[in-house]
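Residue numbers (this note's numbering): 1 to 353.
Glycine included, each C-beta is placed from N, C-alpha and C at the ideal position.
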Ligand code: SF4
């Protein structure tokens, strides 16, 4: 057990993911998500309703709407956007807080979705154009200028926003710095970036890249560099299911990471890497001096930009979270020095939370 006091708080968002469609016109070679256009049946509102109804008695707050991209010129693009809008509206109706990350949107599309999302997201990944010749050779949406433009549009529209870097896809530390600086500049202009994800590439069973990713030391280094470059009001998020060694997770927290992102039964982007059981993760962190608490998919500074209907929903959740007593280390009387968090078993996935 460390000497660190429990004042060190780490947040996560209890989340469930809806995927309108896995089809995507991009072909990133590290992708473990996509199917070819026309290769799946889009998620219907009726099926989504059945899934969400089973979550209402559980602790889920955020519904992450995560989608592959239908080509901007496709005649199916309006129907795709309608489906995303309808799924967000459904989640709101059922008392959840939607957060959409559906790829590149134009300004009108983004403005429309703002009405049914408490926040939105898009990974910048890396701004170096070199990756357009390798990982993103067949992914026009990954053009760095297009993604930075998306970030700017979100800021202009006053949308609380999550972005991030994908690490270990052939970039350098100088590239990290350039990407982080570009995100910081956009945030300084608009004040809309609430968190930046540092996502280490981990090989999956479907990707064709099969790269090595980054080492544990590099992961900790990335957190240190990011904390140095990003403004202090931008939280740093790390995905615990993609960091294999418990000591590396702790080192990332020591280096300034303060959020573990959305945690739910399945990481749709990295389906080969299950999330830890939340109670075991909380216990592991508590035994090492960190207090894991829930958060909403919108940070308090973003509330001022919400439409009234969304503000009311957010207020209800802020009250519910404030009323929940914080876990204390006394709930975890047995704290071994290094006890790795258990991964979810199938039974846990079915009966999650
Ligand atoms: S990573 Fe995203 S943009 Fe790239 S192919 Fe997969 S779903 Fe499409």
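Where the alpha helix (DSSP H) through residue i begins and ends
{"i": "residue 45", "result": "45-53"}
{"i": "residue 259", "result": "Element bounds for residue 259: not the alpha helix (DSSP H) but the beta strand (DSSP E), 259-263."}
{"i": "residue 178", "result": "173-190"}
{"i": "residue 247", "result": "246-254"}
{"i": "residue 150", "result": "144-156"}
{"i": "residue 285", "result": "278-287"}
{"i": "residue 63", "result": "Per DSSP, residue 63 belongs to no alpha helix (DSSP H); it is in the beta strand (DSSP E), 62-66."}
{"i": "residue 315", "result": "308-323"}
Residue i - containing beta strand (DSSP E), residue span
{"i": "residue 8", "result": "8-18"}
{"i": "residue 219", "result": "First-last for residue 219: 216-229, but that is the alpha helix (DSSP H), not the beta strand (DSSP E)."}
{"i": "residue 199", "result": "193-200"}
{"i": "residue 167", "result": "161-167"}
{"i": "residue 121", "result": "119-121"}
{"i": "residue 237", "result": "235-237"}
{"i": "residue 292", "result": "290-294"}
Buried or exposed by the 16-neighbour rule on C-beta atoms within 10 Å, applied to residue i
{"i": "residue 315", "result": "exposed"}
{"i": "residue 39", "result": "exposed"}
{"i": "residue 164", "result": "buried"}
{"i": "residue 173", "result": "exposed"}
{"i": "residue 185", "result": "exposed"}
{"i": "residue 320", "result": "exposed"}
{"i": "residue 277", "result": "buried"}
{"i": "residue 222", "result": "buried"}
CB of residue i within 8 Å of CB of residue j, strictly
{"i": "residue 299", "j": "residue 160", "result": "yes"}
{"i": "residue 217", "j": "residue 31", "result": "no"}
{"i": "residue 210", "j": "residue 241", "result": "no"}
{"i": "residue 389", "j": "residue 297", "result": "Because the chain here runs from 1 to 353, residue 389 falls outside it and cannot be looked at."}
{"i": "residue 60", "j": "residue 89", "result": "no"}
{"i": "residue 28", "j": "residue 145", "result": "no"}
{"i": "residue 26", "j": "residue 142", "result": "yes"}
{"i": "residue 131", "j": "residue 104", "result": "no"}
{"i": "residue 53", "j": "residue 96", "result": "no"}
{"i": "residue 98", "j": "residue 63", "result": "yes"}
{"i": "residue 272", "j": "residue 205", "result": "yes"}
Closer than 7 Å: residue i CB and nearest the ligand FAD heavy atom
{"i": "residue 139", "result": "The ligand content of the structure shown is limited to the ligand SF4, which means the ligand FAD is not among them."}
8 Å contact criterion, which residue i and residue j should meet: CB distance rounded
{"i": "residue 183", "j": "residue 200", "result": "At roughly 17 Å, the Cβ-Cβ gap does not stay under 8 Å, so residue 183 and residue 200 are not in contact."}
{"i": "residue 190", "j": "residue 147", "result": "About 15 Å separates the two Cβ atoms, so there is no contact after all."}
{"i": "residue 116", "j": "residue 67", "result": "Going by Cβ atoms, the distance from residue 116 to residue 67 rounds to 14 Å, so no, they are not a contact pair."}
{"i": "residue 291", "j": "residue 10", "result": "7 Å"}
{"i": "residue 226", "j": "residue 269", "result": "At roughly 20 Å, the Cβ-Cβ gap does not stay under 8 Å, so residue 226 and residue 269 are not in contact."}
{"i": "residue 124", "j": "residue 151", "result": "7 Å"}
{"i": "residue 122", "j": "residue 101", "result": "6 Å"}
Any chain C beta carbon closer than 8 Å to residue i
{"i": "residue 147", "result": "In the structure shown, chain C cannot be found, because there is only a single protein chain."}
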